[in-house]
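Per my numbering, the sequence shown starts with residue 54, numbered consecutively.
To start, the structure under review is shown below, and the notes come after it.
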Amino acid sequence: MEQLDRRDLFAVISAFAALGGAAAPAAAGDAPVLSESRVIPFSSLKVIKFDNGGEQRRVIQGTLPTGESIEVHETMLPAGQMPHPPHKHVNTELLFIQTGSLEYDDDGRLTPVGPGDIVFTASNRMHGLKNVGATPATYIVVSVGDKPMKP
54 MEQLDRRDLF AVISAFAALG GAAAPAAAGD APVLSESRVI PFSSLKVIKF
104 DNGGEQRRVI QGTLPTGESI EVHETMLPAG QMPHPPHKHV NTELLFIQTG
154 SLEYDDDGRL TPVGPGDIVF TASNRMHGLK NVGATPATYI VVSVGDKPMK
204 P
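Spelled out as structure tokens, the structure:
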């Protein structure tokens with residue numbers, strides 16, 4: 054597979070977001086229904102800083118017109134850090150590794166992953182991630198399920 058740079062990946066994500074797009078009004082307490090296509094400039098994404106030195110940019114979160122919940126974000130994970138302990142949830146996740154050297158924990162089975170690799174985590178599977186390199190790592194998460202993930 055050809056390696057994507059950040060611009061190319063966000064073009065892919067923007068195309069994926071075209072399945073949804075801009076938030077439309079939803080029922081009280083529900084995630085917004087993503088029913089309009091749009092481009093999401095990387096420069097418009099707010100940086101959220103975490104205690105472990107990591108950063109996240111939330112790209113999109115809501116419900117697609119076909120009923121699935123989707124959440125997309127980019128994370129920067131400092132060397133030696135984990136975003137959180139291994140966990141599981143109902144949503145299925147895809148991770149698009151952009152930079153750095155990471156270790157994916159699939160229910161105790163550790164696999165090295167790096168730039169260009171794509172990690173697929175099935176629903177309700179115990180999983181985790183750790184930056185095992187000497188530099189920050191960046192990756193894009195696409196989470197799809199029947200319920201919105203908690204921010």
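Don't be surprised by glycine CBs; every beta carbon is placed ideally from N, CA and C.
Remember, it's a predicted structure, so these values are computed and weren't measured experimentally.
A residue is called buried once 16 or more other Cβ atoms fall within 10 Å of its Cβ, and L163, having fewer, is exposed.
According to the DSSP assignment, Q114 belongs to the beta strand (DSSP E) that extends over 108–116. Q151 sits away from T128, with the two beta carbons spaced by 7 Å or more.
For H126, the enclosing beta strand (DSSP E) stretches over residues 122–130. Residue pairing from DSSP places A190 in a beta bridge opposite L130.
Shortest Cα-Cα distance from M135 to any of A190, I93, N177 involves A190.
Boundaries of the beta strand (DSSP E) around S88: 86–89.
Per DSSP, reduced to three states, the secondary structure at S97 is helical.
Assigned with DSSP and collapsed to three states, H142 falls in coil, not helix or strand. V172 and L147 have their C-alpha atoms some 6 Å from each other. In the three-state scheme derived from DSSP, where H, G and I count as helix and E and B as strand, T174 is classed as strand.
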